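**Student:** Can you keep this structure in mind? I'll have questions shortly.
And the structure:
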């Protein structure tokens with residue numbers, strides 16, 4: 512096994528539990544290896560830190576798999592890790608037959624994502640070192656979870672940084688990739704082949720429950736509604752009228768199917784539009800809503816783009832606040848890791864000041880429990896959901 516020696520002063524973050532080692536942190540590599548191989552990592556004093564897979568083509572050169580010098584990375588290793596991940600989900604996921612089974616580094620399986628939708632799984636292997644074990648991972652998943660089918664969603668651009676092709680398709684026997692799941696008594700159509708991420712935003716499941724008690728008898732605006740998940744919850748919890756906005760026509764078609772599926776077609780309507788433009792138009796027209804939901808896609812995927820993202824978040828929050836009467840509720844979200852929680856709250860507060868409104872924090876929420884956050888790895892802490900009363 513090749514040995515990777517770190518530069519002096521670079522070991523603390525990694526020794527404290529962060530699983531990523533950047534190319535710039537590596538002083539020397541001794542021994543032969545092939546990209547994707549497991550290597551041993553030591554500090555500058557030759558003290559063992561961990562074992563992980565290596566890819567010199569990636570900026571994240573090594574991802575730690577184990578801190579135990581005796582543990583081998585083999586089929587039994589994957590069986591233990593996946594079994595532990597599945598047992599954890601059985602503890603924390605309630606009232607849903609869909610969940611994230613494996614959340615990469617937070618489940619000590621770097622760059623592996625496995626989502627369960629009813630009787631089916633969607634799988635992503637996002638780095639070379641985990642992709643080489645894909646057949647073993649699939650075998651273990653079939654053994655432990657016994658799905659009726661598995662779909663590969665390796666169409667994520669981060670794979671190209673690893674020198675991997677973008678690919679999608681059935682692993683094993685084909686099946687209808689449009690699956691109906693149940694979540695908190697609501698049914699949703701999930702397209703494993705064509706939906707965002709692996710087909711559905713599982714990480715907001717618990718945040719959608721925050722609408723309970725806030726929307727009864729209300730007129731609700733759901734911006735960036737995608738397939739209408741927040742809209743369905745608003746209808747379930749007693750909203751009298753829900754308008755969902757999104758720019759993606761295929762997502763809105765699914766939203767309308769979801770409304771029909773749950774008997775909410777008379778309550779929920781959807782409009783294909785740019786949410787930024789529509790918020791401005793509604794403000795100009797004097798429209799008012801009792802509750803406004805803002806759940807946009809990530810406005811930034813890099814540290815360099817944060818400034819532009821701040822402007823985008825401020826704009827939609829300011830416009831959303833102007834559509835609310837005094838005492839109305841704003842549910843505003845950010846799913847970008849680079850938009851830190853404290854910065855996001857500052858942006859929302861600035862929007863309130865410019866809108867001439869006072870903001871009262873009702874709840875500060877994060878991602879669902881099936882997306883656990885590894886404390887040693889801030890990159891796991893990405894989703895913010897802020898519930899505010901606006902005066």
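In this note's numbering, the protein residues as written are 512 to 902.
Every residue, glycine too, gets a C-beta built ideally from N, C-alpha and C.
If you're wondering where the values come from, they're calculated on a predicted model, not measured in any experiment.
#1: Taking the straight line between their C-alpha atoms, what separation do you get for residue 688 and residue 631?
#2: Name the residue from 519, 530, 518 and 515 whose alpha carbon lies nearest to the alpha carbon of residue 887.
#3: Less than 8 Å between the beta carbons of residue 786 and residue 734, yes or no?
#4: Assuming residue 546 contacts residue 513 (C-beta within less than 8 Å), just tell me the rounded distance between them.
#5: Using only the alpha-carbon positions, how far apart do residue 758 and residue 611 sit?
#6: Which runs of the beta strand (DSSP E), 3 residues or longer, sit entirely within the segment 527 to 609?
#7: With a 10 Å radius around its C-beta and 16 neighbouring C-beta atoms as the bar for buried, classify residue 542 as buried or exposed.
#8: Would you check if the distance between the CB atom of residue 552 and the CB atom of residue 532 is smaller than 8 Å?
#9: Sort 534, 518, 893 and 516 by Cα distance to residue 714 and report the nearest one.
#10: Measure the C-alpha to C-alpha separation of residue 700 and residue 627 and round it to an integer number of angstroms.
#11: Buried or exposed for residue 782, please, with buried defined as at least 16 other CB atoms from any protein chain shown within 10 angstroms of its CB.
#12: Exposed or buried, which one is residue 657 when buried takes at least 16 other CB atoms within 10 Å?
#13: Can you tell me where the alpha helix (DSSP H) holding residue 738 begins and where it ends?
#14: Count the other CB atoms within 10 Å of the CB of residue 811; is the residue buried (16 or more) or exposed (fewer)?
#15: With burial defined as no fewer than 16 other Cβ atoms inside 10 Å of the residue's Cβ, what is the status of residue 527: buried or exposed?
#16: Since residue 758 is in the alpha helix (DSSP H), which residue starts that stretch and which ends it?
#17: Taking the alpha helix (DSSP H) that residue 693 belongs to, which residues open and close that run?
#18: Cutting at 7 Å between CB atoms, please list the residues of its own chain near residue 544, excluding the five before and the five after it.
#19: When DSSP labels each residue in this structure, what does residue 628 get in the three-state scheme?
#20: Use the C-beta contact count for residue 833: other C-beta atoms within 10 angstroms, 16 or more gives buried, fewer gives exposed.
#21: Starting from residue 805, follow the beta strand (DSSP E) in both directions and report where the run begins and ends.
#22: Under DSSP, the alpha helix (DSSP H) around residue 725 begins and ends at which residues?
#23: Distance check for residue 680 and residue 746, CA to CA, integer angstroms please.
#24: Assuming contact is defined by CB atoms lying nearer than 8 Å, are residue 748 and residue 727 in contact in what I supplied?
#25: Looking at residue 573: is its Cβ nearer than 8 Å to the Cβ of residue 563?
#26: Tell me which residue opens and which closes the alpha helix (DSSP H) that residue 824 is part of.
#27: In whole angstroms, what is the alpha-carbon distance linking residue 646 and residue 654?
#28: Please state whether DSSP places residue 845 in a helix, a strand or coil.
#29: Run through DSSP, which three-state label would residue 782 get?
#30: Hey, residue 575 and residue 522 are a contact pair by Cβ (cut 8 Å); roughly how many whole angstroms apart?
#31: Could you please give the first and the last residue of the uninterrupted alpha helix (DSSP H) stretch that includes residue 619?
**Tutor:** The structure says:
#1: Locating residue 688 in the chain shown gives position 177, counting from the first residue. Locating residue 631 in the chain shown gives position 120, counting from the first residue. For residue 688 and residue 631, the distance between alpha carbons rounds to 9 Å.
#2: Working through the chain shown from its first residue, we reach residue 887 at position 376. Among 519, 530, 518 and 515, the Cα nearest to that of residue 887 is on 530.
#3: For the purposes of this step, residue 786 is taken as residue 275 along the chain shown, with counting starting at 1. For the purposes of this step, residue 734 is taken as residue 223 along the chain shown, with counting starting at 1. Going by C-beta atoms, residue 786 is nearer than 8 Å to residue 734.
#4: Here residue 546 refers to the residue found at position 35 when the chain shown is read from its first residue. Here residue 513 refers to the residue found at position 2 when the chain shown is read from its first residue. 11 Å between Cβ atoms; not a contact.
#5: What you label residue 758 is simply residue 247 of the chain shown in a count that begins at 1. What you label residue 611 is simply residue 100 of the chain shown in a count that begins at 1. Between residue 758 and residue 611, the C-alpha separation is close to 27 Å.
#6: 531 to 533, 537 to 541, 549 to 553, 559 to 565 and 571 to 577
#7: In the chain shown, counting from the first residue as 1, residue 542 sits at position 31. Its Cβ having fewer than 16 others within 10 Å, residue 542 is exposed.
#8: Start at 1 with the first residue of the chain shown, and residue 552 comes out as number 41. Start at 1 with the first residue of the chain shown, and residue 532 comes out as number 21. Their beta carbons are under 8 Å apart, which means residue 552 touches residue 532 by this criterion.
#9: The sequence position of residue 714 within the chain shown is 203, counting from 1. Considering only alpha carbons, the answer is 893.
#10: Start at 1 with the first residue of the chain shown, and residue 700 comes out as number 189. Start at 1 with the first residue of the chain shown, and residue 627 comes out as number 116. So the two alpha carbons sit approximately 13 Å from each other.
#11: Within the chain shown, numbered from 1, the residue matching residue 782 stands at position 271. Burial call: exposed.
#12: Against the chain shown, residue 657 aligns to sequence position 146. By the neighbour-count rule (16 or more Cβ atoms within 10 Å), residue 657 is not buried but exposed.
#13: The residue you call residue 738 lines up with position 227 of the chain shown. Here residue 738 belongs to no alpha helix (DSSP H), and DSSP marks it neither H nor E.
#14: As a first step, residue 811 is located in the chain shown; it is residue number 300 there, counting from the start. The residue in question, residue 811, is buried, as its Cβ has 16 or more Cβ neighbours within 10 Å.
#15: Residue mapping note: residue 527 aligns to position 16 of the chain shown, counting from 1. Under this definition residue 527 is an exposed residue.
#16: As a first step, residue 758 must be located in the chain shown, where it is residue number 247. Looking at the DSSP string, residue 758 is not in any alpha helix (DSSP H), and its letter there is neither H nor E.
#17: Position 182 of the chain shown holds residue 693. Unbroken run through residue 693 is the beta strand (DSSP E), 689 to 694; no alpha helix (DSSP H).
#18: Looking up residue 544 in the chain shown gives position 33. Excluding residues within five positions, the ones whose Cβ falls inside 7 Å are 513, 550 and 565.
#19: On the chain shown, position 117 is the one that residue 628 refers to. Looking at residue 628 - three-state DSSP - the assignment turns out to be strand.
#20: In the chain shown, the residue the question calls residue 833 occupies position 322. Label assigned to residue 833: buried.
#21: Counted from its first residue, the chain shown places residue 805 at position 294. Its beta strand (DSSP E) spans residues 802 to 805.
#22: As a working mapping, residue 725 is identified with position 214 in the chain shown. Residue 725 -> no alpha helix (DSSP H), and no H or E assigned at all.
#23: What you label residue 746 is simply residue 235 of the chain shown in a count that begins at 1. What you label residue 680 is simply residue 169 of the chain shown in a count that begins at 1. Their Cα atoms are separated by approximately 35 Å.
#24: One-based indexing of the chain shown puts residue 748 at position 237. One-based indexing of the chain shown puts residue 727 at position 216. Yes, these two residues count as a Cβ contact at 8 Å.
#25: Within the chain shown, residue 573 is the residue found at index 62, counting from 1. Within the chain shown, residue 563 is the residue found at index 52, counting from 1. Cβ distance < 8 Å, so residue 573 and residue 563 count as in contact.
#26: For the purposes of this step, residue 824 is taken as residue 313 along the chain shown, with counting starting at 1. Looking at the DSSP string, the run of the alpha helix (DSSP H) that includes residue 824 is 817 to 833.
#27: By 1-based counting over the chain shown, the position of residue 646 is 135. By 1-based counting over the chain shown, the position of residue 654 is 143. Near 12 Å, if we compare the C-alpha coordinates of residue 654 and residue 646.
#28: Within the chain shown, numbered from 1, the residue matching residue 845 stands at position 334. Residue state, collapsed to three classes: strand.
#29: Numbered from 1 along the chain shown, position 271 holds the residue referred to as residue 782. Residue 782 falls in the strand class under three-state DSSP.
#30: Sequence index remark: in the chain shown, residue 575 carries index 64 (1-based). Sequence index remark: in the chain shown, residue 522 carries index 11 (1-based). Between residue 522 and residue 575 the Cβ distance is about 12 Å, and since that is not below 8 Å, they are no contact.
#31: Here the question's residue 619 lines up with position 108 in the chain shown. Run containing residue 619: none; DSSP gives neither H nor E here.
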